[in-house]
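Shown next, in structure tokens, is the structure this report addresses.
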Amino acid sequence: MARDPWAYRDVAVESFSDPRTGLLRIRPVAGQAYATSMRVHCSRSLRDPALYPAGTRFLIRAKLTDRAGGAPYLYAHHGDAVKVLAGRELASFLDEYRRRRI
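Residue numbering for the sequence shown follows the working numbering, beginning at 645 and increasing consecutively.
Spelled out as structure tokens, the structure:
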């Protein structure tokens, strides 16, 4: 089955250290339509501390989904391109995101 390109949106996410396990996790950046507590299913390389330290921000293409009626989460295909965002790029993306919502 082919992926529906219209279901995927640009989402800014960041890595953080999970206080319970000590492992890196990925969550949406605040200021978007997604809660920062929402889980993100993406490429494992984004959670590799040797490649990206905690606090690294990324721009990914993701869609909102759920599995068998479970809690909703964001899904990004592991083969899609990922862009590392600098501080200015993140601020610009969030500003543009707010303008598009009006």
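Don't be surprised by glycine CBs; every beta carbon is placed ideally from N, CA and C.
Bear in mind that the values here come from a model prediction, so they are computed numbers and not experimental data.
inquiry  = Restricting to Cα atoms, I'd like to know which of Trp650, Val655 and Ala651 is closest to Val728.
reply    = Val655
ask   = From this set, Phe660, Arg705, Ser681 and Thr709, which residue's C-alpha is nearest Ala720's C-alpha?
value = Arg705
key: Rounded separation between Arg653 and Leu738 - CA only   = 13 Å
key: Cutoff 8 Å; reference Leu695; Cβ partners in own chain excluding five residues on either side   = Ser689
key: Short CB-CB distance (under 8 Å) between Val673 and chain D   = The question asks about chain D, but that chain is absent: this structure has only one protein chain.
inquiry  = Let me confirm a value: Met645 is counted as buried when at least 16 other C-beta atoms fall within 10 Å, else exposed. Which label applies?
reply    = A caution first: Met645 carries a pLDDT of 49, below 50, which makes its placement in the model too unreliable to give a value.
message = Within 10 Å of its beta-carbon, does Glu740 have 16 or more other beta-carbons around it, so buried, or fewer, so exposed?
response = exposed
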